[in-house]
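Let me begin by presenting the structure, written as structure tokens, before commenting on it.
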Amino acid sequence: MNTKNIPVSEYKNVRDLLERYVEALRTGSVDMMSGIFHKDVVTHGIVDGELVGGTGNLAAEFVRINGASTEITSHIDILDITPVTAVARIIIENDAIGSDCCEYVNLIKTDGKWSVFSKAFLQFDK
Numbered sequence: 053m054n055t056k057n058i059p060v061s062e063y064k065n066v067r068d069l070l071e072r073y074v075e076a077l078r079t080g081s082v083d084m085m086s087g088i089f090h091k092d093v094v095t096h097g098i099v100d101g102e103l104v105g106g107t108g109n110l111a112a113e114f115v116r117i118n119g120a121s122t123e124i125t126s127h128i129d130i131l132d133i134t135p136v137t138a139v140a141r142i143i144i145e146n147d148a149i150g151s152d153c154c155e156y157v158n159l160i161k162t163d164g165k166w167s168v169f170s171k172a173f174l175q176f177d178k
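So for the sequence shown, my numbering puts the first residue at 53; every next one is plus one.
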């Protein structure tokens, strides 16, 4: 049987959330970050060859410390989506500290709203 399980609008909702994340980085808006990440988010990644991360909104902490990423550019791929989960890849160039990254984010839909509940990333060598 060929049934469509996920409407296009859900892909748009996920993309819109991730575009708001990039915009929060661009503008340096910690407040905007709070509506993007789940309260129990976990983030881990490789920075300068070392594993970093933990619980809490580390993206907001990055913005608090480093400010706006005014020259940031990005590309978002939604890799898969179900009625309540999604996986996406975000390629980021030139963040607030001039770094480029590849981020894989897992999203969950609770109470009708998408949020990022985990993120794994690699900061590329400069």
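Where a beta carbon is used, it is the ideal one built from N, C-alpha and C, also for glycine. The structure displayed is predicted, hence computed values, not measured ones.
Beta carbon of residue i: closer than 7 Å to some heavy atom of the ligand MN?
i           : result
residue 169 : Although the ligand MN was asked about, the structure shown includes no ligands whatsoever.
Just checking my contact of residue i with residue j at CB under 8 Å: how many whole Å lie between their CB atoms?
i           : j           : result
residue 90  : residue 160 : 6 Å
residue 119 : residue 76  : The pair is not a contact, with the Cβ atoms about 12 Å apart (cut-off 8 Å).
residue 88  : residue 110 : That belief does not hold up - the Cβ atoms of residue 88 and residue 110 are roughly 12 Å apart, past 8 Å.
residue 124 : residue 142 : Wrong, their Cβ atoms sit about 11 Å apart, outside the cutoff.
Among the residues of its own chain, which have a CB less than 7 Å from the CB of residue i, if the five just before and after it don't count?
i          : result
residue 99 : 175
residue 80 : 115, 119 and 120
residue 60 : none
Would residue i pass as a contact of residue j if the rule is Cβ separation under 8 Å?
i           : j           : result
residue 155 : residue 169 : no
residue 144 : residue 152 : yes
residue 74  : residue 112 : no
residue 72  : residue 122 : no
residue 108 : residue 93  : yes
residue 178 : residue 157 : no
Give the range of the beta strand (DSSP E) segment to which residue i is assigned.
i           : result
residue 145 : 137-145
residue 173 : 165-175
residue 132 : 125-133
Among residues of its own chain, excluding the 5 on either side of residue i, which ones have a beta-carbon nearer than 8 Å to its beta-carbon?
i          : result
residue 66 : 130, 133, 138, 140, 159 and 166
Which residues mark the beginning and the end of the alpha helix (DSSP H) in which residue i is found?
i           : result
residue 180 : Lying before the first or after the last residue shown, residue 180 is absent from the chain, which here runs from 53 to 178.
residue 83  : 82-86
Per the DSSP calculation, residue i is bridged to which residue(s)?
i           : result
residue 115 : Note: residue 115 sits in no beta bridge, so no partner.
residue 98  : 103 and 174
residue 158 : 139 and 170
So that I know if they touch, is there some Cβ in chain B lying closer than 8 Å to that of residue i?
i          : result
residue 66 : Annotation note: the requested chain B is absent from the structure, which comprises a single protein chain.
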